[in-house]
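Notes for the one structure printed next.
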Amino acid sequence: MTSPSAPGGSAAPTLAAATEDRPLLAFLPMVYVAWADGELSGDEIATIARRCSGSEGLDERSRERLRRWLDPDHPPAARELAAMLRLIQRTAPELPGERRSSLAELGAALARAGGAGEPAPPVRQALAEIEAALGVVGTEASRELLAAGRPRPEPTLAPRPAPEPAFDPAALQRHLDGEHGDVRRRVRDFLAEPAHGPRHGLATEEYREQVLAWTRELAERGLGALAFPPEAGGTGDVGAFIAAFETLAFGDLSLVVKYGVQFGLFGGSVAQLGTERHHREYLGPIGRLELPGGFAMTEIGHGSNVRDLETVARYDRDTGELVIHTPHPGARKDWIGNAARHGRMVTVFAQLEVPARDGEAAGGAESHGVHAILVPIRDERGRPLPGVTLEDCGLKAGLNGVDNGRITFDQVRVPRENLLDRFGRISSAGEYTSPIPSPGRRFFTMLGTLVGGRISVAAAAVSAAKVGLAVAVRYGERRRQFGPSGGAEIPILDYPAHQRRLLPRLAAAYAWHFAAREVARRFGARMAAGGAGDGGARDRDAAANEESQAVEALAAGVKALATWQTVETLQTCRECCGGQGYLAANRFARLKDDTDVFTTFEGDNTVLLQLVARALLGRYKQQFGELRPFTLVNHLLHRARTGIAEKNPLVARRTDRQHLRDPAFHGAALAYREERLLTTVARRLKHRLDAGMDSFDAFNECQDHLLATARAWTERVAHDAFRAGVDGCDDPASAATLGALCRLWALWRLEVDTGWFQENGYFEAPKAGALRAEVLALCAELRSAALPLVDAFGVPAQWLAPIALDSEP
């Protein structure tokens, strides 16, 4: 083997020269690394060459050979480097793991093995200096060199024996399932049956029919009518319905939405806005899916602005009928589930107009605001009824098993009795009466009875995030990639960067689980106590009124933040599964597409947070949207006078672990942020109102501040719910792990907002750095608990993904 010719016709030394000139063997590892590194500049190699050739332990011939070996203008060929590596690996003894040597020690061992004896002290000194110049002081370079070229196992999904978990996942699952564990078990059993497993590649019509068939099976098993009264085949327990909805979200989300439209929105509107005769006539058929229906609230021209919907329901005194009409294309009902194919009746939200007694010419028609009316749209053979125009919304980004449609009404007549009249009725004499005299209060009372939809969507979003996390954590536990030189590849979940991506989001799934569970509990208690009552009861019972509005605010905030967190979590989980996460069979594509719309239906998240902010400013003294300037100013005066807790300089500086992990610190920091934002936004609004600015414009100018306030409040109450979930766990081992997970989530949220806390003097810079370090430390500590934590979700196996199971994809 020869090297290229050097200038002047002389040849560079051959590798054989190293075996002939045995002292050079000590330098061979250095020479190999200097060239094989590929990142050293010519000047750096020249510096190393000068140090090598200046070694007093070599004779002149050896120094000249070494100089030419390290000539920057004539690097060795690739085959020469490969030969060097083979010689090193063949000649040098493999030291055991506990004696892995540095390059200098490896060179000395190579010289001894080649018969050159122990290198002289000057040579050892030169070796040490060269190693320092290479920047590879330590044992890693020699380990890598000795291991180079050896076959390594292919990346694998093979599981490794898992350590015994610190807690029993089954015990934690029982805690997570809560009081409706039996309903959740029934839904899991349904999802676990082979006939109810994932379906890929179905055409739209086939997919819709499959989802309808599944929904009918749920109805036959009594899972549709759960929230209806016993006489309609249910249990009267709205919490049981939310539990079923939440658990169904482990499976096909089109089924979840279809189930929610039929039994939650359509059936729920009849149950909550109708009276006994509506219940008697409709709830049984709805719960058995004999009467498929929909919920026609959204209009293309108004979206979230329900108060100003333009569909009209005008009472005809002569016939005793309500005439439903779409006055222009912008008032068309849009995105209505069950409208495109299966629905036969819908609950239509429209402006109710009742003509004056002495006729339109004398007194015109009086508007009583938005009311709900049952309107048939198809006959029993599925044909649109006269005056009803139905269109298919078409292919969507996701949820294509749901037949969303558009509805236009052209003077469609229905009996007066079809008005859902719990909060407003028309007598046989044509008189409109309501137990709630205020139109604004009446409107928000009607919408408040339907807040269960937002709670259900929040809970379902958390379930979808749980599925994504269960897949990503299982894959991260089994997938091996890279590893120490000469060692086996390690699971990617062992990497701190991977832990940093997944484990805070796992903690977030638990946080929003407990937050959604708490708002569902409070909503269920409110409904069991009579819901909104008749309006008079609300006025007489201030505590019940305040609780009702608090639940509405909490539902709005949790729905917004939980759905946003789900969308972000699923994207992260997909990325953490690499290319495998892009395969349809591994569910991320469908999960992402199906949950994306969760951020905008049942209330656009940004709008919902504005409602939360309004409620906070009024401290629940007014209904959402009813804060008038003359009442708002009084509330803001009170808020502006409210002092903020003094900042403790010692707290701002403390960086010890005991303090950073203290739940009391987390709660105090979150509460401080909430109170500070609320007080400062109140002052900003008051300043504008005092200057004569319209309240709409004042709110608009402070919109970002209001949204930040709503976020801060919602995160604080979520943390309270998480802490309550930890304290309420009766399994000590599970509670200990939950406590660590709660600390991780709280610190992560504080870390995300460290800029705000530093700007406001609550943290000093060293504390922000210590907080980040503590997040990493908690991720490392919780790494071994990651798999049992996702097992505790209880996702049925067939709804996980091939990469999350023991079989290869």
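Here the numbering used here is used: the first residue of the sequence shown is 73, the next is one more, and so on.
All residues carry an ideal CB built from backbone N, CA and C; glycine is no exception.
Source: prediction; values computed, not measured.
Range of the contiguous beta strand (DSSP E) that encloses residue i
{"i": "TRP407", "result": "405–408"}
{"i": "THR480", "result": "477–481"}
{"i": "ARG485", "result": "484–487"}
{"i": "HIS440", "result": "437–448"}
{"i": "TYR387", "result": "384–388"}
{"i": "THR347", "result": "THR347 -> no beta strand (DSSP E), and no H or E assigned at all."}
Closest by C-alpha distance to residue i, when choosing among the options
{"i": "ALA882", "options": "PRO144, GLN870, GLU132 and TYR279", "result": "This structure leaves residue 882 out entirely; the chain is present only between 73 and 881."}
{"i": "ALA634", "options": "GLN571, HIS791, GLU136 and VAL543", "result": "HIS791"}
{"i": "ALA243", "options": "THR809, TRP817, GLN344 and LEU872", "result": "THR809"}
{"i": "PHE515", "options": "VAL384, ALA569, VAL867 and ALA444", "result": "ALA444"}
{"i": "ASP863", "options": "LEU578, LYS330, ALA754 and ARG748", "result": "LEU578"}
{"i": "THR517", "options": "GLN344, LEU689 and ASN476", "result": "GLN344"}
{"i": "ALA812", "options": "PRO576, GLU463, LEU199 and TRP828", "result": "PRO576"}
{"i": "THR671", "options": "GLY629, LEU861 and ALA661", "result": "GLY629"}
{"i": "ILE498", "options": "HIS759, ARG760, ARG733 and ALA385", "result": "ALA385"}
{"i": "GLN197", "options": "GLY189, GLY186, GLU177 and GLY187", "result": "GLU177"}
{"i": "GLN245", "options": "VAL847, ASP802, GLY833 and GLY359", "result": "ASP802"}
{"i": "TYR354", "options": "ARG760, GLY540, ALA740 and PRO301", "result": "PRO301"}
{"i": "LEU457", "options": "LEU424, MET417 and GLU425", "result": "MET417"}
{"i": "GLY441", "options": "TYR654, ALA200, GLY512 and ARG485", "result": "GLY512"}
{"i": "GLU277", "options": "GLY323, ASN410 and ALA842", "result": "ASN410"}
{"i": "ASP240", "options": "ALA754, ALA858 and ASP728", "result": "ALA858"}
{"i": "ASP566", "options": "CYS648, GLN652 and ALA627", "result": "CYS648"}
{"i": "ALA312", "options": "TRP286, GLY323, VAL255 and GLY305", "result": "VAL255"}
{"i": "ARG550", "options": "LEU337, THR644 and GLN652", "result": "GLN652"}
{"i": "ILE314", "options": "PRO427, GLU452, LEU522 and PRO237", "result": "LEU522"}
{"i": "LEU327", "options": "GLU303, LEU290, GLY305 and GLY359", "result": "LEU290"}
{"i": "GLY273", "options": "LEU655, GLU132 and GLU831", "result": "LEU655"}
{"i": "PHE481", "options": "GLU438, PRO399 and SER500", "result": "PRO399"}
{"i": "LEU688", "options": "HIS777, LEU663 and LEU843", "result": "HIS777"}
Counted within 10 angstroms of its Cβ, other Cβ atoms place residue i as buried (16 or more) or exposed
{"i": "PHE586", "result": "buried"}
{"i": "PHE595", "result": "buried"}
{"i": "ASN772", "result": "exposed"}
{"i": "GLY524", "result": "buried"}
{"i": "GLN571", "result": "buried"}
{"i": "ARG349", "result": "exposed"}
{"i": "GLN334", "result": "buried"}
{"i": "ILE911", "result": "In the structure as shown, the chain begins at 73 and stops at 881. Residue 911 is therefore absent and cannot be evaluated."}
{"i": "ARG151", "result": "exposed"}
{"i": "HIS414", "result": "buried"}
{"i": "VAL824", "result": "exposed"}
{"i": "HIS268", "result": "buried"}
{"i": "ARG821", "result": "buried"}
{"i": "ASN490", "result": "buried"}
{"i": "THR786", "result": "buried"}
Nearest-angstrom Cα separation, counted from residue j out to residue i
{"i": "ILE202", "j": "ALA183", "result": "16 angstroms"}
{"i": "ALA581", "j": "PRO868", "result": "18 angstroms"}
{"i": "ALA840", "j": "TRP584", "result": "25 angstroms"}
{"i": "LEU138", "j": "ALA192", "result": "17 angstroms"}
{"i": "ALA264", "j": "TYR387", "result": "50 angstroms"}
{"i": "PRO95", "j": "SER134", "result": "8 angstroms"}
{"i": "PHE829", "j": "ALA741", "result": "9 angstroms"}
{"i": "ASP728", "j": "VAL789", "result": "26 angstroms"}
{"i": "ASP309", "j": "LEU819", "result": "36 angstroms"}
{"i": "ASP668", "j": "MET156", "result": "57 angstroms"}
{"i": "PHE865", "j": "LEU248", "result": "8 angstroms"}
{"i": "PRO266", "j": "ALA622", "result": "42 angstroms"}
{"i": "ARG293", "j": "ALA533", "result": "24 angstroms"}
{"i": "ALA597", "j": "ALA304", "result": "20 angstroms"}
Residue range of the unbroken alpha helix (DSSP H) whose run includes residue i
{"i": "PHE317", "result": "310–320"}
{"i": "MET599", "result": "568–600"}
{"i": "GLN423", "result": "Counting along the chain, GLN423 falls outside any alpha helix (DSSP H), though it belongs to the beta strand (DSSP E) covering 417–427."}
{"i": "GLU853", "result": "837–854"}
{"i": "HIS731", "result": "729–732"}
{"i": "HIS759", "result": "735–762"}
{"i": "THR667", "result": "660–668"}
Contact with chain B by residue i, beta-carbon distance below 8 angstroms
{"i": "GLU747", "result": "No chain B is part of this structure, which consists of one protein chain only."}
The ligand FAD heavy atom lying under 7 angstroms from the CB of residue i
{"i": "ARG256", "result": "This structure does not include the ligand FAD; it has no bound ligands of any sort."}
The region 758–772 / the region 720–736 touching (three or more Cβ pairs under 8 angstroms): no
The region 318–326 contacting the region 524–534, beta-carbon criterion three pairs below 8 angstroms: yes
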